[in-house]
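Asker:
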Amino acid sequence: EEVRTKLLSDEWADRLDKPLAYWALPTDRSSPIALMGKTLRELVQVPFADLYATPGIGQKKINCLIELLQRAASPHPPGSVESATGSDAEAPAEGSHVDTSIVSEALWVQWQQTIRDQGLGKETLGRFAPSLQSLPRVIWNTPLDAYTALSLAQIRSLKTHGEKRVRAVLEVFGSLHLLLAATNPQPHLSLRVTPRFVAAIENWAHAVTHRTAAVDAAEIRRCFVDPLMAQVYTDAGEQIAKLAEGRLRLDGSGATVRQVARRMGLTRARVYQLLGDIGAAMSVRWPDGCAAVQNLSNALHEQVQDPHELELFDAVVELFFPNSRHEGVFVAEGEQPLKLTAKAHAN
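Going by the working numbering, the first residue of the sequence shown is number 95, and it counts up by one from there.
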């Protein structure tokens, strides 16, 4: 009766026409299935004794019903940024992931609205995923707008969307919401969301192109190569990252592709295909990367007199940004420059 009275107040009038399932979580147990499709308006008009007498509704299901009604009568759904109160609210831990088990339809609507409000609908899932390894490749380039008009139930009913894929989509939306929901928009300022490694490289590249002092190989390694390699470990995994380190001679081995392939039990074609995945991942993470890196390359080649200082840079550009058409190529002795076939791109 207490929660019923609260829901019937004017404050919650806009919620009465939503179904009970709107506040359900994937982790809920003993949900009153027979009542989940009923609207709050329908439920609060039924005497408690009649609800209890519904076939299939026992003590556990009644308890769950009351819990769902209490969620409906709360200002914010469980898991929302706003549900953490005042100064006691804790910021998400560094590297923490969104808990997709607490996502209700009510919380999902909040996440969708954040994406629309920030104008991120044209951005792709792959650009903002914590790791491309956790995101099926077929949806790397799927725009967020593909999901902003669908309910959770509709997404789960899509033929190609099993629980793993749905969880990956929710993680992207939830991460963006956690980042953006607490911001205080200012009419004269805009907020740009980009992968952290991209922002770091772009800031360094901007500084490089606007200074007279030439960079050296150590600075290029620290500010350009290392961030990119760290992202390869995140997005492509250890095997491909190790291949890249060998290709770029970062591991000190100086092994050729033929030697690496023999050691790993792979064909040379397969090694080149795996290396091609790096460029595919980078095109998703940093769509403007080719143009930005080409501008950086032009600046570096004007500043640096010794071409040996840029050997590693040229090799990284060739491997990570194969479409940048960079002229410098770092090639191990006895090998051909890395070329990606149409088949490799397709895979």
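Ideal placement from N, C-alpha and C gives every residue a C-beta, glycine not left out.
If I'm right that N278 touches V378 with Cβ under 8 Å, what's the distance once you round it to whole angstroms?
Answerer: Here residue 278 corresponds to residue number 184 of the sequence shown, with the count starting at 1. Here residue 378 corresponds to residue number 284 of the sequence shown, with the count starting at 1. Contact doesn't hold; Cβ gap of about 30 Å is too wide.
Asker: Give me the Cα-Cα distance between I151 and L162, rounded to the nearest whole angstrom.
Answerer: By 1-based counting over the sequence shown, the position of residue 151 is 57. By 1-based counting over the sequence shown, the position of residue 162 is 68. The alpha-carbon atoms of I151 and L162 are separated by roughly 15 Å.
Asker: Do C158 and P126 come within 7 Å of each other at the CB atom, strictly closer than that value?
Answerer: If you number the sequence shown from 1, residue 126 lands on position 32. If you number the sequence shown from 1, residue 158 lands on position 64. Closer than 7 Å, so yes.
Asker: From R343 to A335, what does the alpha carbon distance come to, in whole angstroms?
Answerer: Counting from 1 along the sequence shown, the entry for residue 343 is found at position 249. Counting from 1 along the sequence shown, the entry for residue 335 is found at position 241. Looking at the two C-alpha atoms, the distance is approximately 12 Å.
Asker: I'd like the span of the alpha helix (DSSP H) that includes L201, first residue to last.
Answerer: For the purposes of this step, residue 201 is taken as the residue at position 107 of the sequence shown. Element bounds for L201: E199 to D211.
Asker: State the CB to CB distance for the pair H271 and T208, rounded to an integer number of angstroms; the pair is presumed to be in contact (CB under 8 Å).
Answerer: One-based indexing of the sequence shown puts residue 271 at position 177. One-based indexing of the sequence shown puts residue 208 at position 114. Their Cβ separation, rounded to whole angstroms, is 5 Å, which keeps H271 and T208 in contact under 8 Å.
Asker: Flag this pair as yes or no: are the beta carbons of R250 and V260 separated by less than 7 Å?
Answerer: Counted from its first residue, the sequence shown places residue 250 at position 156. Counted from its first residue, the sequence shown places residue 260 at position 166. A contact, by the Cβ cut-off of 7 Å.
Asker: Three or more beta-carbon pairs under 8 Å between the segment 397–409 and the segment 361–370, yes or no?
Answerer: With a cut-off of 8 Å, the segment 361–370 and the segment 397–409 do not count as touching, because too few Cβ pairs lie within range.
Asker: I'd like to know whether the C-beta atoms of V266 and F222 end up nearer to each other than 7 Å.
Answerer: As a first step, residue 266 is located in the sequence shown; it is residue number 172 there, counting from the start. As a first step, residue 222 is located in the sequence shown; it is residue number 128 there, counting from the start. Result yes, Cβ atoms of V266 and F222 sit closer than 7 Å.
Asker: For E332, tell me which candidate among V97, D382, R316 and Q227 has the shortest Cα-Cα distance.
Answerer: Working through the sequence shown from its first residue, we reach residue 332 at position 238. Answer by Cα proximity: Q227.
Asker: Let me confirm a value: R316 is counted as buried when at least 16 other C-beta atoms fall within 10 Å, else exposed. Which label applies?
Answerer: Here residue 316 corresponds to residue number 222 of the sequence shown, with the count starting at 1. So R316 counts as exposed.
Asker: Any idea if L114 is buried or exposed, counting beta-carbon neighbours within 10 angstroms, 16 or more meaning buried?
Answerer: As a working note, residue 114 is residue 20 in the sequence shown. Classification for L114: buried.
Asker: What distance in whole Å lies between the Cβ atoms of W117 and P171, which are believed to be in contact at a cut-off of 8 Å?
Answerer: Against the sequence shown, residue 171 aligns to sequence position 77. Against the sequence shown, residue 117 aligns to sequence position 23. About 7 Å separates the two Cβ atoms, so the contact holds.
Asker: Thinking C-alpha only, which one of P416, V97, P401 and E412 is nearest R165?
Answerer: To locate residue 165, count along the sequence shown from 1; it is residue 71. R165 has its Cα closest to that of V97, out of P416, V97, P401 and E412.
Asker: Buried or exposed for F142, please, with buried defined as at least 16 other CB atoms from any protein chain shown within 10 angstroms of its CB.
Answerer: Against the sequence shown, residue 142 aligns to sequence position 48. So F142 ends up on the exposed side.
Asker: Kindly list the residues whose CB is nearer than 7 Å to the CB of D371, restricted to its own chain and excluding five residues on each side of it in sequence; keep chain order.
Answerer: In the sequence shown, the residue the question calls residue 371 occupies position 277. Same-chain partners within the cutoff: A330 and I334.
Asker: Of all the alpha helix (DSSP H) runs that stay within the bounds of the segment 304–353, which reach a length of 4 or more residues?
Answerer: Within the segment 304–353, the complete alpha helix (DSSP H) runs of at least 4 residues are 311–314, 320–330 and 332–341.
Asker: Compute the beta-carbon to beta-carbon distance between W205 and G268, rounded to the nearest angstrom, for a pair I have assumed lies under 8 Å.
Answerer: Position 111 of the sequence shown holds residue 205. Position 174 of the sequence shown holds residue 268. With a Cβ gap of about 6 Å, W205 and G268 count as contacting.
Asker: Under DSSP, the alpha helix (DSSP H) around N157 begins and ends at which residues?
Answerer: By 1-based counting over the sequence shown, the position of residue 157 is 63. Here the alpha helix (DSSP H) through N157 covers Q153 to A166.
Asker: Which of helix, strand or coil does DSSP assign to P401?
Answerer: In the sequence shown, counting from the first residue as 1, residue 401 sits at position 307. Of the three classes helix, strand and coil, the one that applies to P401 here is helix, per DSSP.
Asker: Starting from the C-beta of F291, find all residues in its chain whose C-beta is less than 6 Å away, skip the five residues before and the five after it, and write them out in chain order.
Answerer: As a working note, residue 291 is residue 197 in the sequence shown. Excluding sequence neighbours, F291 sits near P321 and Q325.
Asker: Can you tell me the Cβ-Cβ gap for G215 and T242, rounded? I've got them flagged as a contact below 8 Å.
Answerer: Against the sequence shown, residue 215 aligns to sequence position 121. Against the sequence shown, residue 242 aligns to sequence position 148. Confirmed, Cβ separation roughly 6 Å.
Asker: Excluding the five sequence neighbours on either side, which residues of its own chain have a C-beta within less than 7 Å of the C-beta of R352, listed in chain order?
Answerer: Locating residue 352 in the sequence shown gives position 258, where the first residue counts as 1. Closer than 7 Å at the Cβ level, and outside the excluded window around R352, lie R362.
Asker: Can you tell me which of the three DSSP states P416 falls into?
Answerer: Residue numbering aside, residue 416 sits at position 322 when the sequence shown is read from its first letter. If DSSP states are grouped into helix, strand and coil, P416 belongs with the helices.
Asker: Specify the secondary structure class of T133 as computed by DSSP and reduced to three states.
Answerer: Counting from 1 along the sequence shown, the entry for residue 133 is found at position 39. T133 falls in the strand class under three-state DSSP.
Asker: CA-CA distance, T254 and L246?
Answerer: Locating residue 254 in the sequence shown gives position 160, counting from the first residue. Locating residue 246 in the sequence shown gives position 152, counting from the first residue. Their Cα atoms are separated by approximately 14 Å.
Asker: Look at A299 and L390 and say whether their C-beta atoms are less than 7 Å apart.
Answerer: Position 205 of the sequence shown, counted from the first residue, corresponds to residue 299. Position 296 of the sequence shown, counted from the first residue, corresponds to residue 390. The answer is yes: Cβ separation under 7 Å.
Asker: Report the rounded CA-to-CA distance for P289 versus H402, giving the unit in angstroms.
Answerer: In the sequence shown, the residue the question calls residue 289 occupies position 195. In the sequence shown, the residue the question calls residue 402 occupies position 308. Cα to Cα, the separation comes out at about 30 Å.
Asker: Which residue from L368, Q280 and I156 puts its Cα closest to that of L129?
Answerer: The sequence position of residue 129 within the sequence shown is 35, counting from 1. Taking only the C-alpha atoms, the option nearest L129 is I156.
Asker: For R341, count neighbouring C-beta atoms within 10 Å of its own C-beta (all shown protein chains included) and say buried if the count is 16 or more, exposed if not.
Answerer: Locating residue 341 in the sequence shown gives position 247, counting from the first residue. Buried, by the Cβ-count rule.
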